[in-house]
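These notes are about the structure you will find just below.
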Amino acid sequence: MKDLLKKGLALALGMAVASREQIEKVVDELVKKGEVSAAESKNLVDELIKKGEEEHQAMRTKMRENVNEHVKERLRELEVPSQETVKNLESRVEELIRRLEKLENRE
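For what it's worth, the working numbering labels the leading residue of the sequence shown as 9, then goes sequentially.
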């Protein structure tokens, strides 16, 4: 029951954005209703905040990965050359310039 309560409370509060004050307020209401003991309330608040922070970080990581993947996909669709391709082309151009300068110096 306690796990179910935690999960339900986490969902209801939208843990990724809930503030400590909001969590404490909801937990205080649960204490008043007798659903959670006063002794458990601090641990429950701390646990819910920790869970919220973990979920928030996981969401940020996932969002960053999704954005990066979409950007890469769009760049491929637009046929934008990669950094590696540009560097290779720069090296080839530099080599061609050296060769051209050699040929010009021969004349």
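For each residue, glycine too, the CB sits at the ideal point set by N, CA and C.
Values in this document were obtained by computation on a predicted structure and should not be read as measured data.
Residue i (DSSP reduced to helix, strand or coil)
i, result
"residue 27", "coil"
"residue 49", "helix"
"residue 39", "helix"
"residue 75", "helix"
"residue 87", "coil"
"residue 44", "coil"
Closest residue to residue i among the options (Cα-Cα distance)
i, options, result
"residue 46", "74, 58, 106, 32", "32"
"residue 27", "37, 60, 102", "60"
Buried/exposed call for residue i, threshold 16 Cβ in 10 Å
i, result
"residue 107", "exposed"
"residue 56", "buried"
7 Å Cβ cutoff met for residue i and residue j
i, j, result
"residue 44", "residue 52", "yes"
"residue 34", "residue 49", "no"
N-terminal and C-terminal residue of the alpha helix (DSSP H) that residue i is part of
i, result
"residue 99", "91–114"
beta-carbon residue i near the ligand FMN non-hydrogen atom, thresh 6 Å
i, result
"residue 109", "Summarising the ligand content, the structure contains no ligands, and the ligand FMN is consequently not present."
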